[in-house]
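Data first, discussion second: the structure below is written as structure tokens.
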Amino acid sequence: MTGLVVAMDGPSGSGKSSVSRGVARALGLRYLDTGAMYRAMTWWMLRQGVDLADPGAIAARCGEPLIVSGTDPDSPAIHVDEVDVAGPIREADVTGSVSVVAAVPEVRARLVARQREIIGAGGIVVEGRDIGTVVCPGAAVKIYLTASAEARALRRSAELAGSTARAQQEAMARRDTLDSTRKADPLSMADGAVELDTTAMRLDEVIAEVLRLVAEQT
Ligand code: C5P
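Mapping of the sequence shown onto the UniProt record's numbering: residues 1 to 218, in sequence order.
Structure (structure tokens):
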């Protein structure tokens, strides 16, 4: 499985993380969560007090933080300047701002370069929004995971205590709109990607289907 890259794209709440980690574990591959890198950049910008309404200010500072991502599917680690940010990057302030930061081309150029270094010779499952289209268009297996807006919101609100499905659905719809309408590398299905609608599927069924596609396409 060295050399293999599985690109896993799709909107928020489609199940990318659980599926990607399950597939990586089953095949003994590494795992990269590129969303965590955009979240880490956003966490740093917020902490520095960078004006997120000003793309120029974001672009000017995005080279400063040192973002280091682990690739163990059992405990995906993420550090910014040696601070463990795995918890803080899931907080509402980061989630509410990440799509704005991720829309800045200079941020994307920097993080995509870093992602390609980590992917290296492959042997990895990579999840994000632009993996099959931009980061690794040559990936042997490209999956585009979707689910109905209701199912995605329900999954997220089950993960986040105190948040209602309706509030989740609205917040996710806002983020998905920003992610799929931005100029730089918008969320879209890659050429050659297989679309998997997970609305009515259990996690183990989705993982089994991806493993079947990997076996078929490699
Ligand atoms: O996957 P997750 O929901 O943690 O991603 C957070 C945000 O990071 C997305 O809403 C999107 O704005 C951005 N992102 C991106 N490209 C990727 C991965 C994530 O723009 N490859």
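By construction, the Cβ of each residue, glycine as well, lies at the ideal position given by its N, Cα and C atoms.
- With respect to Val-112, Val-135 sits close: the two C-beta atoms are nearer than 8 Å.
- Contact between Ile-67 and Met-37 holds: their C-beta atoms lie close to 6 Å from each other, under 8 Å.
- Assignment of beta strand (DSSP E) within the region 12–97, counting only whole runs of 3 or more residues, yields 30–33, 67–69, 78–80 in chain order.
- Taking 8 Å as the cut-off, the beta carbon of Val-19 is found no closer than this to the beta carbon of Ala-140.
- Judged by DSSP in its simplified three-state form, Ala-139 adopts coil rather than helix or strand.
- With respect to the 8 Å criterion, Val-94 and Thr-133 are not classified as neighbours on the basis of their beta carbons.
- Taking the Cα positions, Asp-74 is about 22 Å away from Thr-198.
- Short note on Asp-130: C-beta closer than 7 Å to some heavy atom of the ligand C5P.
- Between the alpha carbons of Ser-148 and Pro-105 lies a gap of roughly 29 Å.
- DSSP lists no beta-bridge partner residue for Ile-119.
- Not one heavy atom of the ligand C5P falls within 7 Å of the beta-carbon of Ala-24.
- Taking the CA atoms as reference points, Glu-64 sits about 16 Å from Leu-52.
- Close CB contacts of Ala-190 within its chain, under the 6 Å cut and outside five residues either way in sequence, are with Gly-132, Thr-133, Lys-142 (chain order).
- For the pair Leu-211 and Ala-103, the CB atoms are not nearer than the 8 Å cut-off.
- Distances from the CA of Ser-157 to each of Leu-46, Ala-171, Gly-56 were compared; the closest alpha carbon is that of Ala-171.
- DSSP lists no bridge partner for Ala-167.
- Take Asp-130, set aside five residues on each side of it, and the residues of its chain with a beta-carbon closer than 6 Å to its own are Asp-185, in chain order.
- Cβ-Cβ distances below 6 Å link Thr-34 to Gln-115, Gly-128 in the same chain, with the five nearest sequence neighbours on each side left out; the list follows chain order.
- Here Gly-128 is bridged, per DSSP, to Asp-9.
- Shown here for Arg-155: same chain residues with a beta carbon closer than 8 Å to its own, the five before and five after excluded, namely Gly-13, Gly-15, Ala-147 in chain order.
- With fewer than 16 other CB atoms across the displayed protein chains lying within 10 angstroms of its CB, Ala-215 is exposed.
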